[in-house]
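Undergrad: Let me begin by handing over the structure; questions about it come next.
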Amino acid sequence: SGTMTKKSDVDFPGDDVAKVLFKYDVVTENDMTLISNSTTAQAAPTKADFVMTYTDGAGTTTVNTDLKAYASRDDGTTWTQLTLASQGSTGAHTILTAHDLDISGQPSGTDMRYKITTHNQSATKETRIHATSLAWK
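In this note's numbering, the protein residues as written are 4 to 140.
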């Protein structure tokens, strides 16, 4: 953010010198957790399917270690991890999918959510999430 003060300056003498002072913070990379809004299913699902795309901002992401995804049918109280598999790329983004994840062991519910987590993020490893889709049956 910037602030502007009007005053005299030793480098620029005079009464009407504008000086802009900038304040900035050092950026640190952190692991993140992304949780979707819930969507109501017509009946309690027993299986979940998931598709997402990502890119490496820095370093190389190890799928299912540095990048994980989960599904829930009870509004995020219980999560089951999806096993993500690469399906190639769009040319710019890597496509990951998971099919037929068994969520029948979760408490019965119809409030579907997905969760994506990143791990081991640093200045040399940065994972960028672009698109997601959760389906169920």
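Cβ atoms here follow ideal geometry from the backbone N, Cα and C, with glycine treated the same way. The structure presented is a predicted model; accordingly, all values stated were derived computationally and were not measured.
(1) For Thr121, which residues does DSSP report across the bridge?
(2) Mark Leu87 as exposed unless 16 or more other C-beta atoms lie within 10 angstroms of its C-beta, in which case mark it buried.
(3) Taking Cβ to Cβ, would you say Ala51 is nearer than 7 Å to Thr113?
(4) Which whole-angstrom value is the C-beta distance of Gly60 and Arg131, which I expect to be below 8 Å?
(5) Compare the Cα-Cα distances from Ile106 to each of Thr120, His133, Met55, Lys140 and report the closest residue.
(6) Pick from Ser125, Thr135, Ser111, Tyr117: whose alpha carbon is nearest that of Thr32?
(7) Thinking just about the alpha-carbon of each residue, which of Lys128, Thr56, Thr63, Ser39 is nearest to the one in Asp77?
(8) Classify Leu37: buried if its beta carbon has 16 or more other beta carbons within 10 angstroms, exposed otherwise.
(9) Determine the closest residue to Ser111 out of Thr81, Ile98, Gly91, Leu104, with distance taken between C-alpha atoms.
TA: Here's the rundown:
(1) Leu70
(2) buried
(3) no
(4) The Cβ separation is near 5 Å, so the contact holds.
(5) Lys140
(6) Per the sequence presented here, residue 32 reads as Glu, with Thr not at that position. Cα-wise, what sits closest to Glu32 is Ser125.
(7) Ser39
(8) Leu37 is exposed by the Cβ-count criterion.
(9) Thr81
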